[in-house]
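Residue numbers (my numbering): 189 to 438.
Structure first, then comments.
Right, here's the structure in full:
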């Protein structure tokens, strides 16, 4: 918004996601931006300060800076007209949140067994050439990765049915990051919600699989859950050794 003041003060409280707060007053007014962790607004509480922006997103006399902001943190922001009578200015801000640790295959989160697992692809980067396009749906974005190793052989289902609505794509791979082979994929098979995904494949004993959960096209990401239903360490003959270790699963 615009302020017709010699100096203006505001505060901003962050949500649950830590990141970097970007502030700027690009324009003709010669400003100074100061950010404080609390009151009083003095050097002891000052976290960042800028007089003239150095080129991105503008050059002086407007000001610009970026400052780290923690989850749920409140910052005090002061904009001053440097030595002038005061005029209108616009304070532009943006919160930049880094992508999740499992944004790419190499950072896949390791999972085990069956259960319900959380995912968050809100700040994931667009799907890239680091993984082959899914055969069931080539148009994907905001993908996150998981690494799962089977305990027993048999049918495995991975789905996000009944969870938060997201136009999702779930793809299953074998191999290693960079040389993945797709073995199963689903776009919109869940009944509720109708755009969620469910995929079933046959797992071999103690084999590692990569699970990729992505949004369709440019659909925004969500915080949600997905489910894995898989055979466990069954012991068919009751000899105390899991089937995958004594070949009784054949």
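Ideal placement from N, C-alpha and C gives every residue a C-beta, glycine not left out.
Classification of residue i by the beta-carbon crowding that lies within 10 angstroms, buried from 16 upward
i           : result
residue 340 : buried
residue 332 : buried
residue 293 : buried
residue 375 : buried
residue 425 : exposed
residue 504 : A question about residue 504 goes unanswered here, because the residues of the chain that appear run from 189 up to 438.
residue 409 : buried
residue 403 : buried
residue 250 : buried
residue 300 : exposed
residue 369 : exposed
residue 379 : exposed
residue 427 : exposed
residue 309 : buried
residue 355 : buried
residue 227 : exposed
residue 270 : exposed
residue 418 : buried
residue 298 : exposed
residue 429 : exposed
residue 347 : buried
residue 289 : exposed
residue 232 : exposed
residue 296 : buried
residue 219 : buried
6 Å Cβ shell around residue i - same chain, five flanking residues per side excluded
i           : result
residue 351 : 412 and 413
residue 400 : 331, 333 and 359
residue 190 : Confidence is the limiting factor: at residue 190 the pLDDT is only 37, short of 50, which leaves the residue's position unreliable, though a coordinate-based value still follows. Result list for residue 190: 276 and 278, in chain order.
residue 193 : Confidence at residue 193 is low in this model, with a pLDDT of 38, below 50, so the placement of that residue is unreliable and no value is reported for it.
residue 373 : 322, 323, 324 and 359
residue 248 : 240 and 241
residue 329 : 314, 315, 403 and 406
Close beta carbons around residue i, own chain, < 8 Å, minus the five adjacent residues each side
i           : result
residue 252 : 210, 211, 212, 213, 214, 221, 238, 241, 242, 244, 245 and 246
residue 394 : 337, 338, 339 and 432
residue 217 : 249, 250, 269, 272, 275, 276 and 277
residue 392 : 338 and 341
Own chain partners of residue i with C-beta closer than 7 Å, once the 5 adjacent residues on each side are dropped
i           : result
residue 204 : 259 and 260
residue 236 : 223, 253 and 255
residue 382 : 376
residue 319 : 293, 368 and 400
residue 343 : 388 and 390
residue 313 : 287 and 291
Inter-residue CB distance, residue i and residue j (contact presumed, cutoff 8 Å)
i           : j           : result
residue 263 : residue 207 : In fact, because the Cβ distance is near 12 Å, the residues do not count as touching under 8 Å.
**Message:** Going residue by residue through the segment 198-228, where are the continuous beta strand (DSSP E) segments of at least 3 residues, counting only ones entirely within it?
**Reply:** Considered as a whole, the segment 198-228 harbours 207-212 and 219-224 as its complete beta strand (DSSP E) runs of no fewer than 3 residues, in chain order.
**Item:** Ranges of the beta strand (DSSP E) found wholly within the segment 257-341, counting only runs of at least 3
**Value:** The DSSP assignment places complete beta strand (DSSP E) segments of no fewer than 3 residues inside the segment 257-341 at 262-269, 280-284, 297-300, 303-308 and 328-337, in order along the chain.
**Item:** Inter-stretch contact at 8 Å, needing at least 3 Cβ pairs: the segment 275-283 / the segment 380-396
**Value:** Here the segment 275-283 makes no contact with the segment 380-396; the two share fewer than three CB pairs at distances below 8 Å.
**Prompt:** In the segment 365-424, which residue ranges form an unbroken beta strand (DSSP E) of at least 3 residues, counting only runs that do not cross its ends?
**Reply:** Entirely contained in the segment 365-424, the beta strand (DSSP E) runs reaching 3 residues are, in chain order, 367-374, 386-391, 396-404 and 411-417.
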